[in-house]
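Report on the following structure.
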Amino acid sequence: MWAWTVELPTLGLRLHTGDLLSSGEFILLDFVSLPLRFLLGFMLFKLYHCGERQVKVDSAEKRPVWLLPYMYIQELKPLLAMAIFAALAALPFVVAMLMGCRSLVSAFTLAYLGVLSAFRWLELVSKSGPKGFDATATTFAVYFSIPAEIHFEDGKIKGITERKWRIVDLAARMSFHALIMLVTLSLGKATGYLPFLSALPSALPMHGLPGSIPAIYLQTIFVYGMLATCMLHHRLIATLCGFETLQGMNAPLVKSTSFRDFWGRRWNMIIHNLMKRLIFAPLQHGGPLKKNLAGAAAFLVSGLFHEYMWLLLHVARPDGSRYVPGKVTAFFMVQFVATAAQVLLKKTPLGLALGNLPAPCQTLLTTLCILPFGPLFLEGVFDMMFETTITLPSVELMR
Numbered sequence: 001m002w003a004w005t006v007e008l009p010t011l012g013l014r015l016h017t018g019d020l021l022s023s024g025e026f027i028l029l030d031f032v033s034l035p036l037r038f039l040l041g042f043m044l045f046k047l048y049h050c051g052e053r054q055v056k057v058d059s060a061e062k063r064p065v066w067l068l069p070y071m072y073i074q075e076l077k078p079l080l081a082m083a084i085f086a087a088l089a090a091l092p093f094v095v096a097m098l099m100g101c102r103s104l105v106s107a108f109t110l111a112y113l114g115v116l117s118a119f120r121w122l123e124l125v126s127k128s129g130p131k132g133f134d135a136t137a138t139t140f141a142v143y144f145s146i147p148a149e150i151h152f153e154d155g156k157i158k159g160i161t162e163r164k165w166r167i168v169d170l171a172a173r174m175s176f177h178a179l180i181m182l183v184t185l186s187l188g189k190a191t192g193y194l195p196f197l198s199a200l201p202s203a204l205p206m207h208g209l210p211g212s213i214p215a216i217y218l219q220t221i222f223v224y225g226m227l228a229t230c231m232l233h234h235r236l237i238a239t240l241c242g243f244e245t246l247q248g249m250n251a252p253l254v255k256s257t258s259f260r261d262f263w264g265r266r267w268n269m270i271i272h273n274l275m276k277r278l279i280f281a282p283l284q285h286g287g288p289l290k291k292n293l294a295g296a297a298a299f300l301v302s303g304l305f306h307e308y309m310w311l312l313l314h315v316a317r318p319d320g321s322r323y324v325p326g327k328v329t330a331f332f333m334v335q336f337v338a339t340a341a342q343v344l345l346k347k348t349p350l351g352l353a354l355g356n357l358p359a360p361c362q363t364l365l366t367t368l369c370i371l372p373f374g375p376l377f378l379e380g381v382f383d384m385m386f387e388t389t390i391t392l393p394s395v396e397l398m399r
């Protein structure tokens, strides 16, 4: 392991670099995947649309022989779409098993890119993406390859007028979230991500509540810090290329005033927008019942793709893995029930009273209502969190 420790006695600090090979692995993976995903998106677009400009003739007998393969592709499009979706979902597992992952963060990155690739392919097939995302092969390749949410305006990718200041802004915000990660990693290294606990919350009666709240919150901050830093990094890459992007995270841990606000406006808006376009929007029409069923379907699919991601982490490190199938899906279904209950209670005396509370109080209540179910979500990624105390930089107090 390539790792060094630097002691600063005057400050009373010990700096750990973490395993530089592990850090380099997922950074390299992130950068190398961009051009590869661009080429893949370009080829997938061409493959799926290759027969659309065929010459129209009156009968099959008059069709040129060279057009027959394109005719077959058009007829088999549904099967082709399903096969490519399955291949995109399987690709991260193949890469992880053939090449191995020195770091679980690399496996997590592979899984996340696999989810985005599969869903953006479904958007192409169902024509449900942002207006203009499939205008040309190049446009779709850009949309497919960049993990950030590209902003489309009037059917075109929106450009950036003041790129310099946007770069400075994104770099500053990325640095701030990287600092949050450093503090979280340092606390995680000192406590094993289990402050005031003797075991994982999932191994304790009632998840160890209320004493487990600090541990669950610390783990939640780690997940937020890692995702937010990566999303800002991806937005910075898109900005350097001149593309406008949408917000990935919107201060979910400090500004969410309800379940609906947390999941619908603040936490991982990239996935939220995908679920809204692919699942919720097509199913919501037809009254309140269908809207609730559409919401349930969106939360269910969210749970299932998290199962997919947690499974890849398990495959990458099967020894001692804490992944239990079904738990993360149960977490998202509980969140759906809570969100639906909030909507039903909104106009009742209780809902009106809660809605009139100061925003910080609403945020505190939302946090206290979500955290007890956190172990269902966090248990599958705990091994990755614990590994990062070794593989990523951290700061330790000298004694």
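Okay, so the sequence shown: first residue is 1 according to the UniProt record's numbering, each after it adds one. We put the beta carbon where it would ideally sit given N, CA and C, even for glycine.
Could you have a look at residue i and say whether DSSP puts it in helix, strand or coil?
i    : result
T5   : strand
A60  : For A60, the predicted model reports a pLDDT of 48, less than 50, meaning its position is unreliable; a value from the coordinates is still stated below. Residue state, collapsed to three classes: helix.
F243 : strand
Q54  : Any answer about Q54 is weak, because its pLDDT of 48 lies below 50 and its placement is not dependable; what the coordinates show is given next. Correct three-state label for Q54: coil.
F152 : strand
I271 : helix
L68  : Residue confidence for L68 is low, a pLDDT of 49 falling below 50, so the modelled location carries little weight and cannot support an answer.
G380 : helix
M385 : helix
K346 : coil
R317 : coil
P135 : According to the sequence displayed, residue 135 carries Ala and not Pro. It is coil, neither helix nor strand.
M249 : coil
F196 : coil
Y323 : coil
R399 : coil
L40  : helix
Between the Cα of residue i and those of the options, spot the shortest distance and give me the residue it belongs to.
i    : options                   : result
E387 : L104, L8 and L364         : L104
F119 : S106, L179 and G41        : G41
L34  : G188, T17, L113 and M99   : L113
M1   : Y217, L21, L11 and R14    : L21
E379 : S202, A353 and T245       : S202
L368 : A111, L204, F26 and G211  : G211
V183 : L15, W310, T138 and Q284  : L15
V168 : H207, T191, R235 and A141 : R235
A137 : H151, K156 and R166       : K156
L289 : V343, M231 and G132       : V343
Is it true that the CB of residue j sits closer than 8 Å to the CB of residue i?
i    : j    : result
T363 : V254 : yes
L392 : F108 : no
I279 : V315 : no
N268 : G295 : no
G129 : H177 : no
D383 : R317 : yes
G24  : T220 : no
M275 : V115 : no
A141 : F38  : yes
K189 : E396 : yes
F299 : I370 : no
Under the DSSP definition of a beta bridge, which residues are partnered with residue i?
i    : result
S394 : H16
G159 : F243
Please decide whether residue i counts as near chain C, where near means a Cβ-Cβ distance under 8 Å.
i    : result
L304 : This model lacks chain C altogether; it includes just one protein chain.
Task: Three or more C-beta pairs below 8 Å linking the segment 135-149 and the segment 41-50 - done: As far as the Cβ criterion goes, the segment 135-149 touches the segment 41-50, which means the pair count is three or higher.
Task: the segment 81-94 / the segment 2-9 touching (three or more Cβ pairs under 8 Å) - done: Remark: fewer than three beta-carbon pairs, one from each stretch, lie closer than 8 Å, so the segment 81-94 and the segment 2-9 are not flagged as touching.
Task: Three-pair Cβ contact test at 8 Å for the segment 335-343 versus the segment 238-247 - done: Touching, no.
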